[in-house]
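Same order as they appear, the protein sequences are chains A and B.
Every letter in the first sequence is one number past the one before it in this note's numbering, and letter 50, counting from 1, is 50.
Every letter in the second sequence is one number past the one before it in this note's numbering, and letter 135, counting from 1, is 1135.
Here a beta-carbon is modelled for each residue, glycine too, at the ideal position from N, C-alpha and C.
Number of protein chains: 2
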Amino acid sequence: MTDTKTRILDAAESLIAQHGFDVSLRAITAKAGVNLAAVNYHFQSKDALIDALVARRIAPINRLRIEVLDAVEREHPEGPLPLEAVIHAFVDPPLRMPGREDIRILFGRLYGTPGEFLHRLFEPHLKPLAARFRVAFARACPELPPADLMWRMHFTIGVMVHTMSWSRIISEITGGEVNSSDTEALIERIVRFTAAGFRAAVQDAQSQQGARHA
Amino acid sequence: MTDTKTRILDAAESLIAQHGFDVSLRAITAKAGVNLAAVNYHFQSKDALIDALVARRIAPINRLRIEVLDAVEREHPEGPLPLEAVIHAFVDPPLRMPGREDIRILFGRLYGTPGEFLHRLFEPHLKPLAARFRVAFARACPELPPADLMWRMHFTIGVMVHTMSWSRIISEITGGEVNSSDTEALIERIVRFTAAGFRAAVQDAQSQQGARHA
DNA sequence: GTCTATAACGGGATAGAC
DNA sequence: GTCTATCCCGTTATAGAC
């Protein structure tokens, strides 16, 4: 039998992934097989529980992302970085994640809920990461204007997050035709798609105004 | 003074965009300037209110998407469809949306909350749309294997949704460096990014297994 | 049709025994 | 550390006056 604290975290993680952040403490403690008051003993509040829960998963993932990026930069001390490798360092750790699929869904849920958790969680956990990867992407796409660079990083996050949230459901509604169980192949698909997006031509300031597709 | 029913819908829309779906009926009715009981009179329940609220916005958007796609297909009765035009038909109506930015955020929030609303809202509203666009995308990318086609549609939705949810926040945290107020340019960026992604080479079944980036 | 008042319920948090 | 019992609050929904 594991630690009470981690059992609460595990139960909360699973339930939040399935039912969202408004899961009751009663449901969590029931699933964890611990008493209702335990959650307020080990953590101060439900919010603090969620903070701890997210930090437990985000921290190692971001550490891994930085490590992988470090390795890429070591291999290319100067000149442009290989774009696919940078994207890979960014999207692989969260998508591959430790075991449970719940965590992927939970993670996707976080991104899908802008505002509430932004200042509590993303500001500390994600801001330094974004800064780090921003210069990496800039080195991978030297000719890309800064605004386009930011938007395309943003788009890449969108692809990653949406895939994390919906991959299981996608598999269901397409009747298995689209299979998300092969994580390796899925990551590869994402890298190819977004790398091509990064390399797309940018519209120049002139034609930006009235361009329309026939 | 407008209709009570629509005032409730407007208030709910705005508040949900800002604070999520667990906004209280008290807050909604207070903002709408109507009585608490009104929401249960005009709609049966809070869930029914949300259904009505979403349907009110999704229906015209999807109608427009189909209309635009119809026009594209009329101009190209046979042979491949222009990819950018198909993407445009899909992402432009929701991103351009009627006036209020709240609606974009709300829309993004819906996609970011898989599970809860899927069977109630996306099944009826989105399933026929997806089927329609699927054949359109297949005509635009004839050589793309079906599985890749589905994933890339999925990725495109991810880019669109994430942009809708986060565009305002992105503008804030980047200090205006990245500006989301120019909807026209933003749509153009999305179309370029995703079109390039659709056109990316697919990994063949052989190299799918052990490919890794240096 | 719209409001006032209240019912019926479930939520998070806490005090105190063990 | 863990449990029982309880408090207090906010929530949805409803009944009935206007």
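- Task: Answer yes or no: do B/SER1171 and B/VAL1161 have a C-beta to C-beta separation smaller than 9 angstroms?
- Result: Position 171 of the second sequence holds residue 1171 of chain B. Position 161 of the second sequence holds residue 1161 of chain B. For B/SER1171 and B/VAL1161, no; Cβs fall outside 9 angstroms.
- Message: Can you pull out the residues from the region 1157 to 1168 of chain B whose beta carbon lies closer than 9 angstroms to at least one beta carbon of chain A?
- Response: ILE1157, GLY1158, VAL1159, MET1160, VAL1161, HIS1162, THR1163, SER1165, TRP1166, SER1167, ARG1168
- Of all the CB atoms in chain A, is at least one closer than 9 angstroms to the CB of B/THR1029? Here the question's residue 1029 of chain B lines up with position 29 in the second sequence. Chain A, which has no Cβ nearer than 9 angstroms to the Cβ of B/THR1029, makes this no.
- Item | Extent of the continuous alpha helix (DSSP H) to which A/VAL34 belongs | Mapped onto the first sequence, residue 34 of chain A falls at position 34. A/VAL34 -> no alpha helix (DSSP H), and no H or E assigned at all.
- Item | DSSP-derived helix/strand/coil call for B/HIS1076 | If you number the second sequence from 1, residue 1076 of chain B lands on position 76. Three-state DSSP puts B/HIS1076 in coil, outside helix and strand.
- Using only alpha-carbon positions, find the residue among B/THR1174, B/TRP1166, B/GLY1176, B/ALA1201 that is nearest to B/ALA1017. Locating residue 1017 of chain B in the second sequence gives position 17, counting from the first residue. It is B/TRP1166 whose Cα lies nearest to the Cα of B/ALA1017.
- Task: Could you name the residues of the same chain whose beta carbon sits closer than 6 angstroms to that of B/ALA1085, not counting the 5 residues immediately before and after it, in chain order?
- Result: Within the second sequence, residue 1085 of chain B is the residue found at index 85, counting from 1. Hits under 6 angstroms: VAL1072.
- Alpha carbon to alpha carbon, what distance is there between A/PRO124 and B/LEU1068? In the second sequence, residue 1068 of chain B corresponds to position 68, counting from 1. In the first sequence, residue 124 of chain A corresponds to position 124, counting from 1. The question names Leu, yet the displayed sequence has Val at residue 1068 of chain B. Approximately 43 angstroms between the Cα atoms of the pair.
- Item | Inter-residue Cα distance where the pair is B/GLY1176 and A/ALA89 | For the purposes of this step, residue 1176 of chain B is identified with residue 176 of the second sequence, where counting begins at 1. For the purposes of this step, residue 89 of chain A is identified with residue 89 of the first sequence, where counting begins at 1. So the two alpha carbons sit approximately 27 angstroms from each other.
- Item | B/ARG1132 - DSSP class collapsed to helix/strand/coil | Position 132 of the second sequence, counted from the first residue, corresponds to residue 1132 of chain B. Of the three classes helix, strand and coil, the one that applies to B/ARG1132 here is helix, per DSSP.
- Test: A/MET150 CB closer than 9 angstroms to a CB of chain B: In the first sequence, the residue the question calls residue 150 of chain A occupies position 150. Interface residue, yes.
- Query: Between which two residues does the alpha helix (DSSP H) carrying A/MET153 extend?
  - Reply: As a working note, residue 153 of chain A is residue 153 in the first sequence. Looking at the DSSP string, the run of the alpha helix (DSSP H) that includes A/MET153 is 146 to 173.
- Classify A/GLY176 as helix, strand or coil using the three-state DSSP reduction. On the first sequence, position 176 is the one that residue 176 of chain A refers to. Looking at A/GLY176 - three-state DSSP - the assignment turns out to be coil, as it is neither helix nor strand.
- Length-filtered (3 minimum) beta strand (DSSP E) runs lying within the region 13 to 71 of chain A: none
- Query: Is the beta carbon of B/ILE1187 within less than 8 angstroms of some heavy atom of the ligand NAD?
  - Reply: What this structure holds is no ligand at all, so the ligand NAD is not there to describe.
- Coarse secondary structure for A/PHE122, derived from DSSP in three states: Here residue 122 of chain A is taken as the residue at index 122 of the first sequence, counted from 1. Helix.
- What is the DSSP secondary structure of B/GLY1210, counted as helix, strand or coil? Your numbering for residue 1210 of chain B matches position 210 in the second sequence. For B/GLY1210, the predicted structure reports a pLDDT of 44, less than 50, and the residue's modelled location is therefore unreliable. The matter cannot be settled from this model.
- A/PRO114: contacting residues in chain B (beta-carbon distance under 7 angstroms): Counting from one through the first sequence, the residue named residue 114 of chain A turns up at place 114. Taking the beta carbon of A/PRO114 as reference, the chain B residues within 7 angstroms of it are SER1165, TRP1166, ILE1169, listed in sequence order.
- Message: Within the continuous alpha helix (DSSP H) that includes B/ASP1102, where are the two ends?
- Response: Indexing the second sequence from 1 puts residue 1102 of chain B at position 102. 1101 to 1111 is the extent of the alpha helix (DSSP H) around B/ASP1102.
- Query: Since A/THR194 meets chain B, which of its residues come closer than 7 angstroms, beta carbon to beta carbon?
  - Reply: Counted from its first residue, the first sequence places residue 194 of chain A at position 194. Per Cβ cutoff of 7 angstroms: GLY1197.
- Query: Could one say the Cβ of A/LYS127 lies closer than 9 angstroms to chain B's Cβ atoms, at least one of them?
  - Reply: For this step, residue 127 of chain A is matched to residue 127 along the first sequence. Cβ-Cβ to chain B under 9 angstroms: yes for A/LYS127.
- Task: Determine, using beta-carbon pairs with one atom in the region 4 to 11 of chain A and one in the region 19 to 39 of chain A, whether at least three such pairs fall under 8 angstroms.
- Result: yes
- Where does B/SER1142 fall in DSSP's three states? Counting from one through the second sequence, the residue named residue 1142 of chain B turns up at place 142. Checking the sequence, you will find Pro at residue 1142 of chain B rather than Ser. B/PRO1142: coil per DSSP, three-state reduction.
- So what does DSSP say about B/ARG1202, is it helix, strand or coil? Residue 1202 of chain B sits at position 202 when you count from the first residue of the second sequence. According to the sequence displayed, residue 1202 of chain B carries Val and not Arg. Residue state, collapsed to three classes: coil.
- Can you find a CB in chain B that lies within less than 9 angstroms of the CB of A/PHE155? In the first sequence, residue 155 of chain A corresponds to position 155, counting from 1. By this cut-off, A/PHE155 is an interface position.
- Query: Ordered along the chain, which non-local residues of its own chain (more than five positions away) have a Cβ less than 8 angstroms from that of A/LYS46?
  - Reply: Taking the first sequence and counting its residues from 1, one reaches residue 46 of chain A at position 46. Within the same chain, Cβ atoms closer than 8 angstroms to the Cβ of A/LYS46 are found at LEU25, VAL39, the five residues on either side in sequence being excluded.
- Message: Using a Cβ-Cβ cutoff of less than 7 angstroms, which residues in the same chain neighbour B/LEU1015 once the five nearest sequence positions on both sides are dropped?
- Response: Within the second sequence, numbered from 1, the residue matching residue 1015 of chain B stands at position 15. Same-chain partners within the cutoff: VAL1023, ALA1027, ILE1028, LYS1031.
- Would you verify that the beta carbon of A/ALA201 is, or is not, closer than 9 angstroms to some beta carbon of chain B? Here residue 201 of chain A corresponds to residue number 201 of the first sequence, with the count starting at 1. For A/ALA201, the answer is yes, since a Cβ of chain B falls inside 9 angstroms of its Cβ.
- CB contact check: A/HIS219 to chain B, cutoff 9 angstroms: With chain A covering only 1 through 214, there is no way to say anything about residue 219 of chain A.
- Relative to chain B, which residues along the region 10 to 40 of chain A have a C-beta separation below 8 angstroms, given in chain order? GLN18, HIS19, GLY20, ASP22
- Listing by chain order, which chain B residues have their CB less than 9 angstroms from the CB of A/ARG134? Your numbering for residue 134 of chain A matches position 134 in the first sequence. Within 9 angstroms Cβ-Cβ: nothing; A/ARG134 doesn't reach chain B, min ~10 angstroms.
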